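Protein chains in written order, with the numbering used here: chain A, 20 to 924; chain B, 7 to 218.
Glycine included, each C-beta is placed from N, C-alpha and C at the ideal position.
As the structure is a prediction and not an experimental result, all values here were calculated from the model.
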Amino acid sequence: MSSVPISQWPSEYKYSAPVAGDTEMVNVTIDGVEVQAPRGELLIKVAQDYGTYIPRFCYHERMKPVGMCRMCLVEVEGMRGLQISCATPVVEGMVVTTQSPDVKEAQDGVLEFLLINHPLDCPVCDRGGECPLQDQTLAFGPGESRFVEEKRHFEKPIPISDLVLLDRERCIQCGRCTRFAAEVAGDPLIDFGGRGSSTEVITYPGAPFSSYFSGNVVQICPVGALTARSYRFKARPWDLSAVETSCQSCSVGCRGVLDSASNRLVRFLGVDSEPVNHGWLCDKGRYGYEWVHAKDRLNIPLVARGGGLVPESWPQALELATSVIRDVFDKHGAKAIGVLGGAQGTNEDAYAWARLAKGVIGTDNVDAQLGDGLPAEVVIGMERATIADLDSARAIVLLGPDLKEELPVLYLRVRRAAVDLGVPLVDIGASNTGLTPYAQAVLRHLPGDPEAVTEKLAAALAGQPTRPDELRPLLEAIDKRALIQKEGPVVVVLGRSSVAEAADATVRAAAILAQAGISAKFLSALPTANVHGALDLGLAPGFLPGRVTLAAGRDELAKTWARVPEEQGLGAAKILANAAGGEIKLLVLLNCDPIADFPDGQLAKDALKNVEHVISLNSFTNESMRHADVVFPITVWGEQRGSISNIEGRVARLGRKITPDGSTMEPWRIATELAARLGHEMDLESFTEVQDEIAQVAPAFVGVDSKLISWARDGAVLPVADHAAEITLALSSLDQNKRSAGVSWEPIPTSGEDTPGNGAVPPAVISPPRPAQALYSWAKQAPERTAALADSYSLRLVASRTLYGNDLITTQSPSLARLATVTAQLRVNERERDRLGVADGEVVRVISSRSSIELPLVVDPSVPERVALVAINRDAPGASDLVDINESVTDLRIETLSKPVIKES
Amino acid sequence: MGKFSGFRITIAQVFKPKVTGDYPNSKRPKPERFHGRHVLNRYEDGMEKCIGCELCAGVCPANCIYVRGADNPPDSPVSPGERYGFVYEINYLRCIHCDLCVEACPTEAITETKLFEFSFTNRQDAIYTKSELVVDDQGRAQRQPWELWLGDEDDQTSGWMRATASAGQAEFEGKVGWSGELGVGVRAAEPSQDKTRTAIAPTSEPEEVALG
Ligand code: SF4
Ligand code: SF4
Ligand code: SF4
Ligand code: SF4
Ligand code: FES
Chain A
20 MSSVPISQWP SEYKYSAPVA GDTEMVNVTI DGVEVQAPRG ELLIKVAQDY
70 GTYIPRFCYH ERMKPVGMCR MCLVEVEGMR GLQISCATPV VEGMVVTTQS
120 PDVKEAQDGV LEFLLINHPL DCPVCDRGGE CPLQDQTLAF GPGESRFVEE
170 KRHFEKPIPI SDLVLLDRER CIQCGRCTRF AAEVAGDPLI DFGGRGSSTE
220 VITYPGAPFS SYFSGNVVQI CPVGALTARS YRFKARPWDL SAVETSCQSC
270 SVGCRGVLDS ASNRLVRFLG VDSEPVNHGW LCDKGRYGYE WVHAKDRLNI
320 PLVARGGGLV PESWPQALEL ATSVIRDVFD KHGAKAIGVL GGAQGTNEDA
370 YAWARLAKGV IGTDNVDAQL GDGLPAEVVI GMERATIADL DSARAIVLLG
420 PDLKEELPVL YLRVRRAAVD LGVPLVDIGA SNTGLTPYAQ AVLRHLPGDP
470 EAVTEKLAAA LAGQPTRPDE LRPLLEAIDK RALIQKEGPV VVVLGRSSVA
520 EAADATVRAA AILAQAGISA KFLSALPTAN VHGALDLGLA PGFLPGRVTL
570 AAGRDELAKT WARVPEEQGL GAAKILANAA GGEIKLLVLL NCDPIADFPD
620 GQLAKDALKN VEHVISLNSF TNESMRHADV VFPITVWGEQ RGSISNIEGR
670 VARLGRKITP DGSTMEPWRI ATELAARLGH EMDLESFTEV QDEIAQVAPA
720 FVGVDSKLIS WARDGAVLPV ADHAAEITLA LSSLDQNKRS AGVSWEPIPT
770 SGEDTPGNGA VPPAVISPPR PAQALYSWAK QAPERTAALA DSYSLRLVAS
820 RTLYGNDLIT TQSPSLARLA TVTAQLRVNE RERDRLGVAD GEVVRVISSR
870 SSIELPLVVD PSVPERVALV AINRDAPGAS DLVDINESVT DLRIETLSKP
920 VIKES
Chain B
7 MGKFSGFRIT IAQVFKPKVT GDYPNSKRPK PERFHGRHVL NRYEDGMEKC
57 IGCELCAGVC PANCIYVRGA DNPPDSPVSP GERYGFVYEI NYLRCIHCDL
107 CVEACPTEAI TETKLFEFSF TNRQDAIYTK SELVVDDQGR AQRQPWELWL
157 GDEDDQTSGW MRATASAGQA EFEGKVGWSG ELGVGVRAAE PSQDKTRTAI
207 APTSEPEEVA LG
């Protein structure tokens, strides 16, 4: 191992595609050392697991072997010639030599051959310094070349997408990029063209490599042939300093390494975390770090003075905010205060604000979800699945948003389960999603009415003898799968497919599955970065930190907190309605912008216009803070340490890489400062103290203290009691000698910085009290089923999200901003367009019970009849003008304008 | 004699030849590989040699070089190729004149002159920026107000100052290892340093570089 460069230390986990019933271990001798490995495991992997690094270029642990580069040749006794270890499965009694003279000669030859046409670009190549070709040439190569002829030449980097550049001279034709695109991402937009020495990676004519996952090919390319536009010439590897962290662009929480140079974030790379992201990132997560350095970032507190917001010092701003809170509290009581947001921050922020709002001020009008989520009691109370459960599921049911748009790396995981592992997939929804092509059963329903199809599905899964036609392929697939996987849950990916309809119907459909006796488990698909952490830590009406209700947790919390609210407060919709109506006098906005984010834009506008006081914490100015009394600038991802919880409830640590410009403060610290000024010292001085207090007072977080969070590299799924084995395992597999290299064309090895080494004691495991059966009880009190469409002219609105929209991460990151659409369009299928008799792109009038706006109409074949799709993350006028939060669905009437205006889109 | 005997040595010195010179009006020749302050060289066509690769910054044991690369503007490229040194700074309060940067440079862009006589009155002056380090249009070092050097002291400051040939070969004798330079052209090959050996006739062509 010692001769292997740091960048190529192998990863920790063991990975092999499950083979039916084959767990037999075989004995293999590698360089004279006898080891044991599961039969069928690839030789290169077995050797690596036991500390022998065999050089390679084309082999990647998360993709199928192809044997294209011949770098991994080894000698196997009894087999003629040398064998490529990346495609040789181990069998009983195999004797392997990885360093014989023959192997050495072969390695010299392969490297000399690869370098024949490879330019000596290292000094100007973004890969130089962390390049597998450089490293392996140094470690295994001949040192000199006999080739003096002219090398092949191509035009230097050509863009293959808006984010990725290709330098064909440097390509060694390993096929990692093309295989990733086809096998992993399912976007086969790049391939090899030409023959012999003029083979090159090409895109198809007129179709750039515009995949949501294009950045991954830059990371796995073993040379500098594929480079990222955002990182181009920004830094060289020896400038970088790295920290492991979780992505906060969405709630999957992919693990990655954040690189900075000269206090500027320059790169984010995926880390191979077996339970979470397998090393992949989506492009939004990968390039979304740029927004941290946006020049409009707020970096000084603002206060209202003379009709505008003017800069103020921290002490003054804190004093002012305190007096606003005290004033409202004294005059109108705690109930006149509402706290919205908090789903974008860290767990520590969420806890400190929950403690300030509920434990100091005493209001329960606190909600992290801005009308785009599911009831907190459902998310907290449902039987939760982990991401890894997808791999061993009996079937996966999609009952929520388009994962490709909202939780991209979860999409990769579900796609892998369906395509590579053969897990049957059911797609329930109103319109097609990225996963529809892989589903065995596609159950379409009118928006807001998934129940009928879900009932049918539940009955069939539960073993009802009659098999409806549309479910036959699914049931056959399940039967086939049962040969390998009899047990295993049915994993329901549960979320909101549209914010234009109430959550009720989705929850009732989920309850049907939960009660069908098919051992259903639920994986939340709420996309906001840390919404699960915020809910788990009490930023929801009726809940206290640690997944307990007010009633269940009151006595315990009262030992630490000054008070606990008496009765359940209001959710976001009611808070805004009461603010609009004047009962709520003060709104605290925790890193949120209700006017842009709340589905019912009109209500949010009214609320913020009518409410007397607003205190806002944010990193940018926005419309909602226009009338704020005080605006606090906050530190953000990359500038703040702490932890987050992802869709599984996995608590993982966040690293800090840079110090922010200006004077910003962590939201949790602002909460402690305000609490102190309100007369309640929280006694929390650092984020670790917050974590330790959470571990003490929040039942579901028992055992998850600052130590565990910093040790457990893949994080810990709550409640720890259910996952004790996972954490013990993660700790014992850490190796202190391996350190995160900040380089990851191979999965990055475990960071050993703060690990206790082998044999660490797992944390005390205590079963926390949990609300029982929330899903069922909630479903019982939910309102009745939605009626059919009002009349035959109406279309029903689906307001879903796309990956790139008008969100801050996209619009403030120059690389992504180019990809975003920020103006709303009305998408219908061809038949609906013909019924209206308008041209594609023509502006039409869209009328809902709420208002009437004009939008360009675009034909989209994936939208079914009777449905109109308007993305919600678009600038006004758009979907949020049409939605009335009190209606269970949004029906639209479309009218042509008398004078049609044709707009180019 | 008695009391004068102590002056014998002193008086004897008066009649010996002087070893001190009229510094700074006249100076002694410096050794060929003397390490003074740096210059950034240019090719004969005026293009900068530095490609902003940061190898010098990476190798510098004193951490005193700061380089950032950038895309060459397509219509007015600063250097040949894709990338050029966009920011280049050396902090002379830290530089120990070890010449490792010179050894590391793949393009012979950075070399050390024999100029060493400079004193600053503020720290900012001690940080030489790219505009101060790049040679002028005649290919000569740009004199800074706080530097003391005379006439042709800036001669012979570049390429061949390195200890190794740019391709890393040990056999440098009689081989031109350097690319041409603004104001100087291609420098002649170096003779043997072993005075007992007869010099090999210099070849006129730069040597073929064939490395894997
Ligand atoms: S571009 Fe990179 S990943 Fe793709 S084939 Fe070439 S060397 Fe391999
Ligand atoms: S899927 Fe989500 S967490 Fe993962 S990289 Fe993309 S935005 Fe980040
Ligand atoms: S001479 Fe040595 S100390 Fe001075 S800049 Fe070069 S590498 Fe650094
Ligand atoms: S001086 Fe040489 S080593 Fe330094 S950045 Fe420029 S080209 Fe690279
Ligand atoms: S790694 Fe085995 S052939 Fe490329």
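Under 8 Å by Cβ, that's how I've got residue i and residue j pegged, so tell me the actual separation to the nearest angstrom.
i, j, result
"Ile179 (chain A)", "Thr222 (chain A)", "5 Å"
"Val236 (chain A)", "Val183 (chain A)", "7 Å"
"Pro564 (chain A)", "Leu556 (chain A)", "5 Å"
"Leu589 (chain A)", "Asn384 (chain A)", "5 Å"
"Glu202 (chain A)", "Met87 (chain A)", "In fact, because the Cβ distance is near 14 Å, the residues do not count as touching under 8 Å."
"Gly453 (chain A)", "Ser516 (chain A)", "Not confirmed; about 13 Å, so no contact."
"Leu808 (chain A)", "Asp900 (chain A)", "Leu808 (chain A) to Asp900 (chain A), Cβ: 21 Å. No contact."
Within the same chain, show all residues whose beta-carbon is closer than 6 Å to that of residue i, passing over the 5 residues directly before and after it, in chain order.
i, result
"Val316 (chain A)", "According to the sequence displayed, residue 316 (chain A) carries Arg and not Val. So the qualifying residues of the chain are Ser638."
"Thr16 (chain B)", "none"
"Ala694 (chain A)", "Leu375, Val379 and Met701"
"Val20 (chain B)", "none"
"Glu873 (chain A)", "Val862 and Arg864"
"Phe159 (chain A)", "Pro74 and Gln126"
"Gly156 (chain A)", "Before going further, note that residue 156 (chain A) is Thr rather than Gly in the sequence given. Hits under 6 Å: Leu130."
Using a cut-off of 8 Å between C-beta atoms, extract the partners of residue i located in chain A.
i, result
"Ala89 (chain B)", "The amino acid occupying residue 89 (chain B) in the given sequence is Arg; Ala does not appear at that position. Residues of chain A passing the Cβ test: Val143 and Phe252."
Nearest CA to the CA of residue i: which residue from the options?
i, options, result
"Phe232 (chain A)", "A:Leu300, A:Pro256, A:Pro652 and A:Val52", "A:Leu300"
"Asn629 (chain A)", "A:His646, A:Ser411, A:Gly326 and A:Arg432", "A:His646"
"Pro57 (chain A)", "A:Asp68, A:Thr42 and A:Thr452", "A:Thr42"
"Leu134 (chain A)", "A:Ala436, A:Arg171, A:Ala807 and A:Met701", "A:Arg171"
"Ala535 (chain A)", "A:Ile663, A:Glu474, A:Gly381 and A:Asp346", "A:Glu474"
"Ile653 (chain A)", "A:Thr683, A:Ala395, A:Ile677 and A:Asn641", "A:Thr683"
"Ala717 (chain A)", "A:Gly307, A:Gly147 and A:Ala369", "A:Ala369"
"Gln150 (chain B)", "B:Leu156, B:Asp143 and B:Glu138", "B:Glu138"
"Ile713 (chain A)", "A:Gln587, A:Ile614, A:Val567 and A:Glu642", "A:Val567"
"Thr821 (chain A)", "A:Val509, A:Val518, A:Ala479 and A:Gly325", "A:Val518"
"Glu38 (chain B)", "B:Val192, B:Leu121, B:Gly191 and B:Phe126", "B:Leu121"
Using a C-beta to C-beta distance shorter than 7 Å, which residues of chain A count as neighbours of residue i?
i, result
"Leu61 (chain B)", "Pro142"
"Pro112 (chain B)", "Pro142"
"Ile57 (chain B)", "Pro142 and Val143"
"Gly186 (chain B)", "Within 7 Å Cβ-Cβ: nothing; Gly186 (chain B) doesn't reach chain A, min ~19 Å."
Using the beta-carbon of each residue, which ones in chain A are nearer than 9 Å to residue i?
i, result
"Pro86 (chain B)", "Neighbours of Pro86 (chain B) on chain A: none; closest Cβ ~10 Å, over 9 Å."
"Asp77 (chain B)", "Arg251 and Phe252"
"Gly191 (chain B)", "Near Gly191 (chain B) there are no residues of chain A at all, since even the closest Cβ is about 24 Å away, more than 9 Å."
Might you give, ordered along the chain, the residues of its own chain that have their beta carbon closer than 7 Å to the beta carbon of residue i, omitting 5 neighbours on each side?
i, result
"Lys24 (chain B)", "none"
"Arg837 (chain A)", "Asp181"
"Phe13 (chain B)", "none"
"Leu61 (chain B)", "Ala110, Cys111 and Pro112"
Under a CB-based cut-off of 8 Å, is residue i close to chain C?
i, result
"Ala132 (chain B)", "Here the protein chains are A and B, and chain C is not one of them."
Going along chain B in order, which residues have a C-beta closer than 7 Å to the C-beta of residue i?
i, result
"Arg189 (chain A)", "Residues of chain B passing the Cβ test: none, with the nearest at roughly 12 Å."
"Lys175 (chain A)", "Glu88"
Quick one: list the residues of chain B neighbouring residue i, beta-carbon separation under 8 Å, in chain order.
i, result
"Asp468 (chain A)", "Per Cβ cutoff of 8 Å: no residues; Asp468 (chain A) is ~54 Å from chain B at best."
"Arg89 (chain A)", "What Arg89 (chain A) touches in chain B: nothing, since even the nearest Cβ is about 17 Å away."
"Arg13 (chain A)", "As displayed, chain A neither begins before 20 nor continues past 924, which places residue 13 (chain A) out of reach and without an answer."
What residues of chain B sit near residue i, judged by a beta carbon separation below 9 Å?
i, result
"Arg345 (chain A)", "Those within 9 Å of Arg345 (chain A) in chain B number zero; the least Cβ separation is about 50 Å."
"Arg732 (chain A)", "Those do not exist, as Arg732 (chain A) stays about 29 Å from chain B at its closest Cβ, beyond 9 Å."
Report all residues from its chain with a CB closer than 8 Å to the CB of residue i; omit the five preceding and five following residues, and keep chain order.
i, result
"Pro108 (chain A)", "Arg58, Gly59, Glu60, Leu61 and Leu62"
Quiz item: Closer than 6 Å from C-beta to any heavy atom of ligand 5: which residues, in chain order?
Solution: A:Arg75, A:Phe76, A:Cys77, A:Tyr78, A:Gly86, A:Met87, A:Cys88, A:Arg89, A:Met90, A:Cys91, A:Ile103 and A:Cys105
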